[in-house]
Amino acid sequence: MIYLALSILSSTGIFVLFKLFNKHKVDTLQAIVVNYITACCCGFIHNSQPVNFSEVMTSNWFIPAICLGFLFIVIFNVMAITAQKNGLSVASVASKMSVIIPVIFGVWVFKESVGFKKITGILLALIAVYLTSVKAKEAKASHASLIPPIILFFGSGIIDTSINYFAPDDSIPLFSAFIFCFAFIVGSFLLIYKSIRLKKSFKLRSLPLGITLGLVNYSSIFFLLKALRIDGLESSALFTINNVAIVAISTLVGLLVFKEQISKRNWSGIALALISIVLITLA
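So this is what it looks like as structure tokens:
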């Protein structure tokens with residue numbers, strides 16, 4: 001269970017770092033690009049075998065790794081926006097309640113059992129995402145603030161499902177490295193575009209937090225995949241334990257460290273999130 005505990009701590013660290021980006025006025029995209037090249041290097045360094053690029057390009061996970069790299073850069077930016085605009089707890093809940101997507105995928109593709117508890121848990125999860133995403137001041141305002149958490153919800157679920165499905169058991173560091181590599185390439189093009197169009201230069205303050213984020217980000221993926229490969233531990237149970245722990249710890253950090261204000265509506269959403277995860281786990 002040490003892999004699961006390390007994955008939980010690493011994933012919580014990602015949300016905390018995103019919050020620090022806003023506090024220290026770090027350019028989010030620049031730090032994210034630095035993060036991906038750092039995580040990519042970690043994967044190649046951690047890979048114990050020589051890299052045969054011809055074999056990699058013909059492997060059944062190469063194309064999915066390209067797609068995941070593109071998705072990573074998009075969802076990471078959305079995650080940062082959600083943490084900064086909606087709050088740490090909202091970002092963590094919207095991201096980690098996406099556990100229902102791997103559950104649905106398991107039922108549809110792997111023909112896993114489905115019952116009243118599981119269906120109820122999925123419905124409660126959707127309600128929870130809405131309740132935790134709406135701030136007290138925004139209850140009567142435009143629903144535009146809900147767009148980032150909703151995108152984060154579905155994007156994170158697709159990423160979790162795809163990583164678990166496509167990751168090769170014997171090449172986890174290499175698989176992770178290529179995903180981060182493609183994310184870095186996409187992010188670099190975005191940076192070049194912004195520098196030309198908006199004349200924004202690269203700021204050195206993006207390096208320290210970007211490198212730190214890269215180390216934490218790689219750890220979260222690596223330890224999660226290692227935990228998913230433990231015999232006798234079902235992925236549905238692991239995802240739920242992983243996600244509910246991240247939600248709880250992120251919310252606690254948001255309250256104690258960043259002094260975030262949590263309304264009764266938000267608390268009810270968080271409570272529903274925990275109940276839904278428990279129901280899905282029991283199912």
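The sequence shown begins at 1 in full-length UniProt numbering and counts up one residue at a time. Every residue, glycine too, gets a C-beta built ideally from N, C-alpha and C. Since we're looking at a predicted model, the values are computed, not measured.
Pick from the options that is closest to residue i, judged by C-alpha positions
i: I63; options: F175, G210, Q261 and G214; result: F175
i: L29; options: K200, Y130 and L126; result: K200
i: C41; options: N242, P173 and N243; result: P173
i: D273; options: D170, I100 and N35; result: Residue identity differs from the one stated: residue 273 is Ala in this sequence, not Asp. A273 has its Cα closest to that of I100, out of D170, I100 and N35.
i: G214; options: V26, F21 and Y36; result: Y36
i: L228; options: F258, I196 and D169; result: D169
i: I2; options: V257, I230, L252 and S263; result: I230
Exposure of residue i, with buried meaning 16 or more beta-carbon neighbours within 10 Å
i: L88; result: buried
i: I8; result: buried
i: L71; result: buried
i: S54; result: exposed
i: N52; result: exposed
i: I221; result: buried
i: A139; result: Note on A139: pLDDT 45, under 50, position unreliable in the model; no value is reported.
Cβ pair residue i, residue j closer than 9 Å
i: S219; j: L6; result: yes
i: V216; j: G43; result: no
i: L4; j: L238; result: yes
i: F15; j: A183; result: no
i: M57; j: N243; result: no
i: A125; j: I246; result: no
i: S11; j: P102; result: no
i: G254; j: K19; result: yes
i: residue 304; j: S276; result: Outside the modelled stretch of the chain, which goes from 1 to 283, sits residue 304, for which no answer is possible.
i: F223; j: Y165; result: no
i: S171; j: Q49; result: yes
i: G187; j: I66; result: no
is_contact[residue i, chain D] using C-beta, thresh 9 Å
i: P64; result: Here there is only one protein chain, and chain D is not present.
So does the region 98-116 actually touch the region 72-90, counting three or more Cβ pairs closer than 8 Å?
No: fewer than three Cβ pairs fall under 8 Å.
State whether the region 191-208 contacts the region 267-274, with contact taken as three or more CB pairs (one from each stretch) at a distance under 8 Å.
Not touching, per the Cβ criterion.
How do the region 90-104 and the region 148-160 stand: do at least 3 beta-carbon pairs fall below 8 Å, yes or no?
Output reads yes: the region 148-160 touches the region 90-104.
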